[in-house]
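Numbers 713 to 1097, taken from the working numbering, label the letters of the sequence shown in order.
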Amino acid sequence: MIEVIEAPIRPYAWGSRTAIATLQGRPVPTAEPEAELWLGAHAGAPAVLTGTGTPLDRAVAADPEGLLGAGVAERFGARLPFLLKVLAAEAPLSLQAHPDLDQARAGFAAEEAAGVPLGAPNRTYVDANHKPELLVAVEPFDALCGFRAPEESAELLAALRVAALGEVVDALRAPDAATALHGAVSQLVELPESVVAAVVSAAADRPDYELVGELAKRYPGDPGVVLALLLNRVTLAPGEAVWMPAGNLHAYLHGLGVEIMAASDNVLRGGLTPKHVNVPELLRVLRYEVLSDAVLRPVPVAPGVVTWPVPIDDFALYRATVDGTPVELPGDGPRIVLCLRGEATVDCGGTAVRLRGCDAAFVRASSKPVLVTGSAEVFQASVGR
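Okay, here's the thing in structure tokens:
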């Protein structure tokens, strides 16, 4: 069975006033920024089954085996294990990392025991789940993803000739990469505003340091302006993706993409934000590893269908390009089908819905194939294997 869902939009300050509205065929610019379209059952902003008006998280909780299937319900409990989003970044998001499952469970339990309200500005863990994520570019997408080699960062910082960065440069030149990165990050996350200002001044008008000026305009005095220089900067072409596992420091800078993650909203920030930065917990959660190649390319799995393989079982993401010939989508568990562009008919065993421009539908667990016809770009989120 397949049912149309209505997805809420999160109006974060860094969002676009045109991108999501244009996909949905609404007037632009919008009255407020529109950052993320949430397509899932996370309690923070669940999608709604339009036929009954029931939020998807409540529907799943009421009948987990019926909606998820017995196998998924046994593995993940009475919850949809993934969250699909359309993400539209007009301005940089915070530098951030996400916990692994053990860290999330322990951190959430500790804050619950301490009586920290869920909505408190100093709350770090808002649920007990991990949040590995995959972002696929829909249009060219600019991002910072993972640590570059520490010796490269040392040369980049040393060339600025800011004396106050001397100890950071020395730390980056340690022979062991993990030690080098930990030592440098520990200093940079608490860098004084005066040193940030000195770095911004030294980087002005230098071609290799445009990022410093761009970030400083939005976040003057923020240590993340300098910390960002330790990360790989990538520009994704449409269809390329970045995979961000637990503990990987990253920031999305600008662009439109489809993002899928484990169903969590746990974020540990490291800068480029007015929000709470829990330095000790961030330093504990980060993985001090060099990410030599952050970009994933699509892998064909069937005619008209590609995927981006990731090493977890919470989710899988597929993209189907449909142009007249019916396309069968993979999978047999609970799924969310998003028609990003164009118009499509999505049929699951005789039950069909018509989708266009950011419309989406929830498919209950079934062995029946999902067939898509029409002319459209369609994404499907499902449970991994």
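The C-beta atom is built at its ideal place from N, Cα and C for all residues, glycine as well.
Please read all numbers here as calculations on a predicted model, not as lab measurements.
{"Item": "For leucine 1083: DSSP bridge partner residues", "Value": "Glu1040 and Asp1059"}
{"Item": "Leucine 1008 beta carbon less than 8 Å from that of tryptophan 955", "Value": "yes"}
{"Item": "Beta-carbon spacing of alanine 809, alanine 963 below 8 Å", "Value": "no"}
{"Item": "Residues near threonine 734 by beta carbon distance below 8 Å, same chain, minus five either side", "Value": "Val740"}
{"Item": "Sub-8 Å separation of valine 912 and alanine 928 beta-carbons", "Value": "yes"}
{"Item": "Distance CB(cysteine 1060)-CB(valine 1090) smaller than 8 Å", "Value": "no"}
{"Item": "Integer Cβ distance of glutamate 845 from isoleucine 1048, believed to fall under 8 Å", "Value": "Not a contact, Cβ separation roughly 15 Å."}
{"Item": "Residues near lysine 1080 in its chain [Cβ-Cβ closer than 7 Å; skip 5 each side]", "Value": "Cys1060 and Gly1061"}
{"Item": "Neighbour-count burial assignment, threonine 1037, 16 or more Cβ in a 10 Å radius", "Value": "exposed"}
{"Item": "Burial state of lysine 843, where buried means 16 or more other Cβ atoms lie within 10 Å", "Value": "buried"}
{"Item": "Within 8 Å, strictly: CB atoms of glycine 1086 and alanine 1056", "Value": "yes"}
{"Item": "Closest Cα partner of phenylalanine 853 within the set Pro793, Leu948 and Asp769", "Value": "Leu948"}
{"Item": "Secondary structure of phenylalanine 691, DSSP reduced to three states", "Value": "In the structure as shown, the chain starts at 713 and stops at 1097, and residue 691 therefore has no counterpart that could be examined."}
{"Item": "Status (buried if at least 16 other CB within 10 Å, exposed otherwise) for proline 992", "Value": "exposed"}
{"Item": "Minimum C-alpha distance to serine 906 - residue among Arg738, Glu926 and Asp934", "Value": "Asp934"}
{"Item": "Spatial neighbours of proline 957 in its chain, beta-carbon cut-off 6 Å, leaving aside the 5 residues before and after", "Value": "Pro844"}
{"Item": "Under 8 Å between C-beta atoms of glutamate 746 and serine 728", "Value": "yes"}
{"Item": "For proline 957, the residue or residues it bridges with in DSSP", "Value": "Its beta-bridge partners do not exist; DSSP assigns none."}
{"Item": "At least three beta-carbon pairs within less than 8 Å, the segment 934 to 943 to the segment 979 to 989", "Value": "yes"}
{"Item": "The beta strand (DSSP E) enclosing glutamate 802, as first and last residue numbers", "Value": "From DSSP, glutamate 802 is part of no beta strand (DSSP E); its letter is neither H nor E."}
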